[in-house]
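*Asks:* Before I ask anything, let me first share the structure, which is written out below as structure tokens.
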Amino acid sequence: MLSWRFFYFCAMAKNEDQFKKVISHAKEYGYIFGSSEIYDGLSAVYDYAQNGVELKNNIREYWWRSMVYMHQNIVGIDAAILMHPTTWKASGHVDAFNDPLIDNKDSKKRYRADVLIEDYAEKLNIKAKKEIEKARKRFGDSFDEEQFVSTNPRVLKYHSQQREVLERMARSLETENLTDVKALIEELGIADPETGSKNWTEVRQFNLMFGTKLGASAESATDLYLRPETAQGIFVNFLNVQKTGRMKIPFGIAQTGKAFRNEIVARQFIFRMREFEQMEMQFFVRPGEEMKWYEYWKETRLKWHLSLGLGEENYRFHDHEKLAHYANAATDIEFNFPFGFKELEGIHSRTDFDLKAHEEYSGKKLQFFDPEMNESYVPYVVETSIGLDRMFLAVLSNSLQEEELEDGSTRTLLRLPNILAPVKAAVLPLVKKDGLQEIAQEIVDTLKWDHNVIYDEKDAVGRRYRRQDAAGTPFCITVDHQTKEDSTVTIRFRDSMEQERIPISEISEKIKKSLSYKEWLQ
Ligand code: GAP
């Protein structure tokens, strides 16, 4: 009989294969290149190419509209990357923005100790899932999952082991007991995932902030940090925005922008980068009302994800066992990436930690006078924080599909949500003669005012369709000889490959209809 281990490794290999395809597709179709590739690149730093930058802009826009335009009490800002160095003292990043690091003495590979332990715990979870799936098959329609999970001894054992491991790790990290983190790794028999060696160094803390200098000469230069999160730019501007925007609590400030972290392990393409972009929103609320808003934002943010149609089964919440130094509740929205469920977005109830700390370090009051309560207070904050690059990876990896066609051939397509697709339509003259090129070019010139469209005349039309399918273009507009007679074209839909004949005058409206923010976001 084949063991669960066999199936686990088969599934892993299949997923790894899919992940490799995503990475090479991203390069081949102009989405992502390694940074400074001609010099062999820079580890965990990437450039967005001609299609990538459009997809990224569209994701950012989709987020911005949903957060800022759809909420009358949320406004946006764009704070500087460089901030006064005391900001990071107040926020706790100088003292506590660390990851526990461990090296393998044989392989010389470096790992995050907490990630090694979390991966071990996830394997226990997978074992439990296997048991559940086996039982589902055995019992068929009469299977009661809830009852099985709460009574089956094996599932109970796996779940309780998983809980114990994670709780012990959380306790040890919380109390900075790094000796116990190492002991846990040894007790669980965790080996270097690449070489199998169990010869580990001690666990030690590593600060993730990048330092830099401001000033003309070495003597007078000030030490600065590249911001490791965009959130602090919002906190330090809290009162400026509240006063100038005459905002009343509850209200939010949104921001998108670059953040930098000197990650210990940055191996999963754009999942964990050293330079990346965040889309964050801090929602300022009355003290004591934070849990209500925390629940609101959990639900609202999940709804935003689901609106893109990447599949409800690909999302789950994961509540934090170890809370960050500023939070009293925190959860991740995890996405089913090709390498498994991982954090895509964080929703944190940050209490009044940040504003109070900035009050203390700056000596300035950061309070709100609440006219209804007739009192001033430091607001509490609920934060939603999503990595733009991670969202990009979620969309790209979920959209890359291979489809078997009736004639036995396969086609590769990037089934991107239309609203996010970099190029909305490709206009194709059927042949390069008889005036078809000129008509196609005219159509491009009309459509370009409303949509990002391209003109493509190279190769047979069938190949051009496939090229656009793989690039993620939702519509192909073909100009043929009939166009000259009745001013109609065919419009071909990427997902169904169906074609329709429509007047040229209706093309723009047809494309527009599939790009309505109202339809997508509601
Ligand atoms: N202001 C809160 C904050 O920064 P975080 O959980 O450290 O919280 C928020 O980061 C989000 O930023 C994550 O959910 C993830 O999507 C993204 N992110 C964090 N580190 C990243 C990295 N090294 N590369 C890419 N995205 C990252």
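Residue numbers for the sequence shown follow the working numbering, beginning at 612 and rising by one.
C-beta: ideal position from N, C-alpha, C; glycine also.
The structure presented is a predicted model; accordingly, all values stated were derived computationally and were not measured.
#1: Do residue 1086 and residue 1051 have their C-beta atoms within less than 8 Å of each other?
#2: Grab me the residues of residue 702's own chain with a C-beta within less than 7 Å of its C-beta, minus the 5 sequence neighbours each way, in chain order.
#3: Considering Cα atoms alone, identify which of 931, 936, 939 is closest to residue 945.
#4: Following the continuous beta strand (DSSP E) through residue 996, name the residue where it begins and the one where it ends.
#5: Is residue 889 near the ligand GAP - that is, is its Cβ less than 7 Å away from at least one heavy atom of it?
#6: Relative to the alpha-carbon of residue 1016, which residue among 901, 1030, 839, 1106 has its alpha-carbon at the smallest distance?
#7: Taking C-alpha atoms, which residue in 897, 1039, 864 lies nearest to residue 981?
#8: Label residue 698 either buried or exposed according to how many other C-beta atoms from any shown protein chain fall within 10 Å of its C-beta, with 16 as the threshold for buried.
#9: Out of 912, 750, 839, point me to the one whose CA is closest to residue 678's CA.
#10: Between the stretch 861–872 and the stretch 891–906, do three or more beta carbon pairs fall short of 8 Å?
#11: I want to check one thing, is the minimum distance from the CB of residue 957 to the heavy atoms of the ligand GAP below 7 Å?
#12: Just reading off the alpha helix (DSSP H) that residue 854 is part of, what are its end residues?
#13: Can you say whether residue 1092 is buried or exposed, counting buried as having 16 or more other CB atoms within 10 angstroms of its CB?
#14: Do the stretch 664–682 and the stretch 824–835 make contact, defined as three or more Cβ pairs closer than 8 Å?
#15: Please name the residue in 1004, 815, 739, 780 whose C-alpha comes closest to that of residue 761.
#16: With which residues is residue 889 paired in a DSSP beta bridge?
#17: Unbroken beta strand (DSSP E) runs of length 3 or more, entirely within the stretch 663–743: which are they?
#18: Residue range of the beta strand (DSSP E) that residue 1066 falls in?
#19: How many angstroms separate the CA atom of residue 1121 from the CA atom of residue 665?
#20: How about residue 977 and residue 895: are their beta carbons less than 8 Å apart?
#21: State buried or exposed for residue 727, treating a residue as buried only when at least 16 other CB atoms are found within 10 Å of its CB.
#22: Just tell me which of 880, 1098, 745, 776 has its CA closest to the CA of residue 765.
#23: So the candidates are 824, 793, 881, 1043; which of them puts its Cα closest to the Cα of residue 643?
#24: Is the number of C-beta pairs between the stretch 1037–1050 and the stretch 988–998 that are closer than 8 Å three or more?
#25: How far does the alpha helix (DSSP H) with residue 649 in it extend, from its first residue to its last?
#26: On the CB-based measure, 16 or more other CB atoms within 10 Å of its CB, does residue 856 come out buried or exposed?
#27: State yes or no: is the C-beta of residue 1116 nearer than 7 Å to some heavy atom of the ligand GAP?
#28: To the nearest angstrom, how far is it from the Cα of residue 883 to the Cα of residue 780?
#29: Given that a residue counts as buried once 16 or more other Cβ atoms are within 10 Å of its Cβ, and exposed if not, what is residue 861?
#30: Please state the DSSP three-state secondary structure of residue 962.
#31: Taking the beta strand (DSSP E) that residue 1089 falls in, what are its first and last residues?
#32: Can you give me the start and stop residues for the beta strand (DSSP E) that residue 944 sits inside?
#33: Does residue 1013 come out as helix, strand or coil in the three-state DSSP assignment?
#34: Does any heavy atom of the ligand GAP sit closer than 7 Å to the C-beta of residue 918?
#35: Return yes when at least one heavy atom of the ligand GAP lies under 7 Å from the C-beta of residue 838, else no.
#36: I believe residue 875 touches residue 723 by the beta-carbon criterion, under 8 Å. Please report the beta-carbon distance rounded to the nearest angstrom.
*Replies:* The answer reads as follows:
#1: no
#2: 843, 965, 968
#3: 931
#4: 991–998
#5: yes
#6: 1106
#7: 897
#8: buried
#9: 912
#10: yes
#11: yes
#12: 849–855
#13: exposed
#14: no
#15: 739
#16: 868, 998
#17: 685–687, 709–714, 721–723
#18: 1064–1066
#19: 21 Å
#20: no
#21: buried
#22: 745
#23: 881
#24: no
#25: Segment: none, residue 649 is in no alpha helix (DSSP H) and carries neither H nor E.
#26: exposed
#27: no
#28: 22 Å
#29: buried
#30: strand
#31: 1086–1090
#32: 940–948
#33: strand
#34: no
#35: no
#36: 5 Å
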